[in-house]
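S.K.: Handing you a structure now.
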Amino acid sequence: GAVVSQHPSRVICKSGTSVKIECRSLDFQATTMFWYRQFPKKSLMLMATSNEGSKATYEQGVEKDKFLINHASLTLSTLTVTSAHPEDSSFYICSARGLAGGGNNEQFFGPGTRLTVL
Amino acid sequence: EDKVVQSPLSLVVHEGDTVTLNCSYEVTNFRSLLWYKQEKKAPTFLFMLTSSGIEKKSGRLSSILDKKELFSILNITATQTGDSAVYLCAVEGGSEKLVFGKGTKLTVNP
C-alpha cells in the first residue's frame, strides 16, 4: 500500500512556542490530506481537510489561526500549532488520499505525532 | 450529522475465542465503511466495504456490511494476543470525510 510519513514522531515543547508537523506522501500524489487529533482513549477527530494549492477547510470548533495548515505540494502538508498550550498536547495524525493503490480513493494514514506541551 | 457507534466499547477474551465487533452508522450519501486496527500508533487499514452482503476476508479477520440495516460487523476467529488493539470503524459519506466511531478495545489474554 501507499506510504505516508510524519515528522517528527514525537515533540516536547514549552508553552507559548509553535510546533510544525509535516505529513508526506512518499510514493503517490495526495490530492487531499486530512489532519486528525486523538486524545487518550478517544477516537480520531477530524480537524481539517486540505487540498493542494487551496485553503484548508476546518471542522467546527477548530481554530484556524491556532492550527495553521499548508498544503503546498501534492506530497506535503504541514500543520503548525501556534502558541502551543498544555491543552494542545495530543496525538496528531495525518492521512492522505490520492490516486494510489489501484485508484480506489482510499485514505492512507501517517504514523502520527505525539505532541506534549509543558 | 454523520454518526458512527461501535459496540462493545471494551472486550476481554481468552486466546482462541471468536469475537464479533459491531458498528452502526448514520451517514448522508454513504460511500464506504472502513475498519482499522490501532495499536500504539496510527490506525492500520483492515477493510473497506462498499456493497451489502459481500464478506471481505483476510486470514482470521472478516467483515460484512448491511446497508439496509446500516451496520457492519468485524469477526476475528481463533484470537491471539497480538490481536489486542483498538478496532476503529469509520464511514465516508457525501462530504468525503471519514467519521470515526469511538472504537472497541479488544484485550486477548493468553
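Protein sequences, first through last, are from chains S and H.
Every letter in the first sequence is one number past the one before it in the numbering used here, and letter 71, counting from 1, is 71.
Adding 118 to a residue's 1-based position in the second sequence gives its number in the numbering used here.
No residue lacks a Cβ here, since even glycine has one placed at the ideal position from N, Cα and C.
Remember, predicted model here, so these are calculated numbers, not experimental data.
Any beta carbon of chain H sitting closer than 8 Å to that of Q29 of chain S?
M.R.: no
S.K.: Roughly how many angstroms lie between the CA atoms of G103 of chain S and T136 of chain H, to the nearest whole one?
M.R.: Here the model assigns G103 of chain S a pLDDT of 47, short of 50, so the residue's position is not dependable, and the following value carries that caveat. When rounded, the distance between both Cα atoms is 34 Å.
S.K.: Smallest Cα separation from F28 of chain S: which of S:T116, S:A96 and S:G16?
M.R.: S:A96
S.K.: With burial defined as no fewer than 16 other Cβ atoms inside 10 Å of the residue's Cβ, what is the status of E210 of chain H: buried or exposed?
M.R.: buried
S.K.: Taking 6 Å as the limit between beta carbons, can you name the residues of its chain near R10 of chain S, skipping five residues before and five after?
M.R.: R114
S.K.: Give the C-beta separation of L44 of chain S and I93 of chain S to the nearest angstrom, bearing in mind that I take them to be a contact with Cβ-Cβ under 8 Å.
M.R.: 6 Å
S.K.: Quick one: any contact between the segment 15–26 of chain S and the segment 71–81 of chain S, if contact means 3 or more CB pairs under 8 Å?
M.R.: yes
S.K.: Counting Cβ pairs closer than 8 Å, one from the segment 197–216 of chain H and one from the segment 148–157 of chain H, do we hit at least three?
M.R.: With the cut-off at 8 Å, the segment 197–216 of chain H and the segment 148–157 of chain H touch.
S.K.: Please name the residues in the segment 158–170 of chain H whose beta-carbon is closer than 8 Å to at least one beta-carbon of chain S, in chain order.
M.R.: K159, A160, P161, T162, F163 and M166
S.K.: Step through the CB atoms of chain S and report whether any lies within less than 8 Å of the CB of K220 of chain H.
M.R.: yes
S.K.: Can a CB atom of chain H be found closer than 8 Å to the CB of K20 of chain S?
M.R.: no
S.K.: I'd like to confirm the pairing. Which residues does DSSP put opposite G98 of chain S in its beta bridges?
M.R.: S:A30
S.K.: Tell me, please, which residues DSSP counts as bridged to F163 of chain H.
M.R.: H:Y154
S.K.: Check the Cβ of L179 of chain H against every Cβ in chain S and list those closer than 8 Å, keeping chain order.
M.R.: Those do not exist, as L179 of chain H stays about 16 Å from chain S at its closest Cβ, beyond 8 Å.
S.K.: Using beta carbons (cut-off 8 Å, strictly below), is L139 of chain H in contact with chain S?
M.R.: no
S.K.: Given that F109 of chain S touches chain H, what residues does it touch there, using C-beta distances under 7 Å?
M.R.: A160 and P161
S.K.: So what's T78 of chain S in DSSP terms, helix, strand or just coil?
M.R.: strand
S.K.: Taking a cut of 8 Å between CB atoms, which residues from the segment 51–81 of chain S lie near chain H?
M.R.: none
S.K.: Spell out the partners DSSP gives L224 of chain H in its beta bridges.
M.R.: Partner(s): H:L129 and H:A203.
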